[in-house]
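Enquirer:
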Amino acid sequence: MRLHVDQRHERVLQLVRERGSLRVAELAEELGMSAVTLRRDVETLAAQGLVERL
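Going letter by letter, the sequence shown gives residues 57 to 110 in the working numbering.
1) Rounding to the nearest angstrom, what Cα-Cα distance links Leu78 and Leu59 in this structure?
2) Answer with buried or exposed for Asp62, where buried requires no fewer than 16 other C-beta atoms within 10 angstroms of its C-beta.
3) Which same chain residues, not among the five before or five after Leu101, have their C-beta less than 8 Å away from its C-beta?
4) For Val98, count neighbouring C-beta atoms within 10 Å of its own C-beta (all shown protein chains included) and say buried if the count is 16 or more, exposed if not.
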């Protein structure tokens with residue numbers, strides 16, 4: 057599945073709202089994307105104050 061960055065960010069936020077905390081590997085599996093890409097997305101969202109990295 058190929059998603060635009062804004063779509064990925066929205067999907068990550070949706071999954072976090074639904075499930076609470078998630079590991080990057082879980083996000084990668086759920087979205088069918090690389091952990092590297094999703095780690096970068098999570099870092100971006102954390103810098104914006106939208107998610108918290110633990």
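Just so it is clear, CB atoms sit at the ideal spot from N, CA and C, and this is done for glycine as well.
Expert: According to the data block:
1) 19 Å
2) exposed
3) His65, Val68, Leu69 and Val107
4) buried
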